[in-house]
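Step one of this worksheet: look at the structure below.
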Amino acid sequence: MSREQKSKLTLDAILIMPVQRIPRYELLIKELLKHTPTEHPDHEFLLKAQKEVHELALKINRMEKEAFLHEQMQQRVKEIEHLIEGVMDLSHPDRTFIRYDFVSIPGGLGTKKERCLFLFSDILLITSIKKKSGTARKSSTASGSPSPFNTLEANKYKYLMRFSLDNIDISKVSDVNVKKTLKDIETLQSDLLTLNQINDLINNLAINHQPLDDAIKDMISSVSKQLNDKQTNDSQLLSLELAITSQEGVDSLTIIFPSTEKRSSWEATFNEVKQRLVLSTDRKPPPEFLLSLPIRKTRAGLQFTCASPTLGSNQFGYKDVWICNSDGYVGQVCVLSMQPDPNVTSCNGVCNARILCVTAIPGAMSS
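Per our numbering, the very first residue in the sequence shown carries number 16; after that it's consecutive.
This is the structure:
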């Protein structure tokens with residue numbers, strides 16, 4: 016028999032009621048402590064209860080804040096998904112939006128195409144850019160700005176490429192070239208400082224030093240021009256080369272930023288995001304390579320096909336591993352034993368066919 020709910024509370028309000036009682040419990044325990052002597056046997060239990068309830072209240076507040084921020088981020092990802100034509104499955108519970116940048120990517124015959132980079136916590140998205148009618152192009156904006164989507168909404172975007180951050184690295188060649196350019200700039204700045212100091216000392220001479228003045232001014236002008244050209248025209252300071260790994264191999268992608276500050280900022284953010292991705296708790300670290308073991312072959316041309324651990328364990332608690340090799344005509348099985356160090360104990364040809372898969376099956380129980 017149903018009964019009408021007179022309070023007219025929503026389900027969400029009813030579910031949150033136990034959580035809202037926690038601060039009241041903390042206040043109640045404080046009042047009890049005021050009226051409980053320290054020598055009373057319940058005083059110690061009240062202190063412990065107060066600590067537990069306080070820690071629970073802090074945990075609830077922290078989780079509420081995290082849930083609110085997560086909901087905000089998911090909404091932001093959905094907004095970006097609606098802005099980009101052709102993109103699919105962008106929204107994901109574990110995906111967060113990091114930043115976006117307007118860049119250029121070199122094309123054929125020396126052309127440059129305007130692109131937009133969308134950096135997320137696990138992927139990099141590249142889109143084309145088309146200005147909306149009646150809107151003016153604004154400068155690149157990162158997600159930390161007060162209104163991060165104002166500039167985005169002034170353009171239309173079309174999905175072009177999508178890469179997992181696991182498959183992207185900053186090319187070492189690009190890094191070396193930038194370091195060389197920065198070193199050249201540092202040298203020119205040092206030379207310019209020295210020339211200015213020499214010029215100040217020349218002014219202290221009592222004799223006629225006009226020829227020396229002219230020579231130093233010419234050198235200062237020449238070094239200043241070289242420094243200015245290096246800082247404004249050197250593409251190495253603006254460009255970043257990415258190495259992208261796929262099943263077909265490793266490809267390179269050159270990205271040109273509007274300024275050296277944008278390039279440095281994006282590179283630092285990218286490295287930080289990749290580091291967080293590697294260290295995330297829900298991801299297992301890649302196995303560490305320890306050593307290689309030679310496996311003797313019963314026939315020339317045999318290649319590895321599959322492997323599987325056995326069911327039982329040895330006295331050290333390790334399982335043996337069956338390793339299969341084949342050349343299409345003969346199948347070979349090698350036994351890799353952990354005792355506790357890896358050791359190949361045997362290699363035997365077992366059939367006149369290729370072994371494609373192998374697994375251990377428990378034996379039938381005797382009646």
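C-beta: ideal position from N, C-alpha, C; glycine also. All values reported here derive from a predicted model rather than from experimental measurement.
- A distance below 8 Å separates the beta carbons of V238 and L210.
- Going by beta carbons, D229 and I217 fall outside the 8 Å limit.
- In the three-state DSSP reduction, P324 falls in the strand class (E or B).
- The DSSP assignment places no complete run of the beta strand (DSSP E) inside the segment 278–312 (cut-off: 3 residues).
- Of the candidates S323, I138, E54, N214, S323 places its Cα closest to the Cα of I376.
- Pairing D356 with Q318 gives a Cβ-Cβ distance that is not under 8 Å.
- The way I'd put it, the segment 279–288 does touch the segment 133–140; three or more beta-carbon pairs between them come closer than 8 Å.
- Rounded to whole angstroms, the separation of the alpha carbons of L43 and D57 is 14 Å.
- In the structure shown, the three-state DSSP call for Y40 is helix.
- Counting C-beta atoms within 10 angstroms of its own C-beta, C372 has fewer than 16 neighbours from the protein chains shown and is therefore classed as exposed.
- Around the Cβ of Y172, a 10 Å sphere holds 16 or more other Cβ atoms; the residue is buried.
- Taking a C-beta distance under 8 Å as the contact criterion, N367 and V345 qualify as a contact pair.
- Excluding the 5 residues flanking it on each side, R314 has same chain C-beta neighbours closer than 6 Å at V345, in chain order.
- Taking 8 Å as the cut-off, the Cβ atoms of I271 and V118 count as close.
- Contact check for L207 against L242 passes: the beta carbons are separated by less than 8 Å.
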